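Written below as structure tokens is the structure these notes are about.
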Amino acid sequence: MHRGENQLICLPEMEQLKTVNVKLRSEKCICMDLCNPDKCLHGKCEVIELDYKCRCDDGYTGLHCEEKVKTKLNNQLLWPAILISVNIVVCILLFGIFCLLCSKRK
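As numbered in the UniProt record's numbering, residues 1 to 106 make up the sequence shown, in order.
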């Protein structure tokens, strides 16, 4: 049994349940919707063979897109800004000390 874009998959029941139904000459199926709405919290569910995979929206991760991606400060931009600021402060202090020494010599 299939529905839509292979969203509903029907799998045979366990072997012991099949043998019970031999007299009826029919095979029962357990049907399950692999991509029910609760599978992927922040993403789109895709059926892959007899399994599913969540394609997470931007900003989410995890097996079921349940975890929000933690944003980290961009170290590539943070460290140069800190170094430039420290260098500016050091230059201002050195200039101030130089001016004080020059004014005392006069």
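For glycine and all other residues, C-beta sits at the position ideal for the given N, C-alpha and C. All values derive from a computational prediction rather than experimental measurement.
Just tell me which of the options has its CA closest to the CA of residue i.
i	options	result
D38	C65, D57, L77	C65
G59	V47, H42, L50	H42
At which residues does the beta strand (DSSP E) containing residue i begin and terminate?
i	result
K44	43-48
Roughly how far, in whole angstroms, is the beta-carbon of residue i from the beta-carbon of residue j, given that I think they are within contact range, below 8 Å?
i	j	result
C45	C56	At roughly 11 Å, the Cβ-Cβ gap does not stay under 8 Å, so C45 and C56 are not in contact.
Y52	L34	5 Å
With DSSP collapsed to three states, give me the class of residue i.
i	result
V22	Annotation note: pLDDT 45 at V22 (below 50); position unreliable, no value reported.
- At what residue ranges does the segment 50-87 contain a whole run of the beta strand (DSSP E), taking only runs of 3 or more? 51-56
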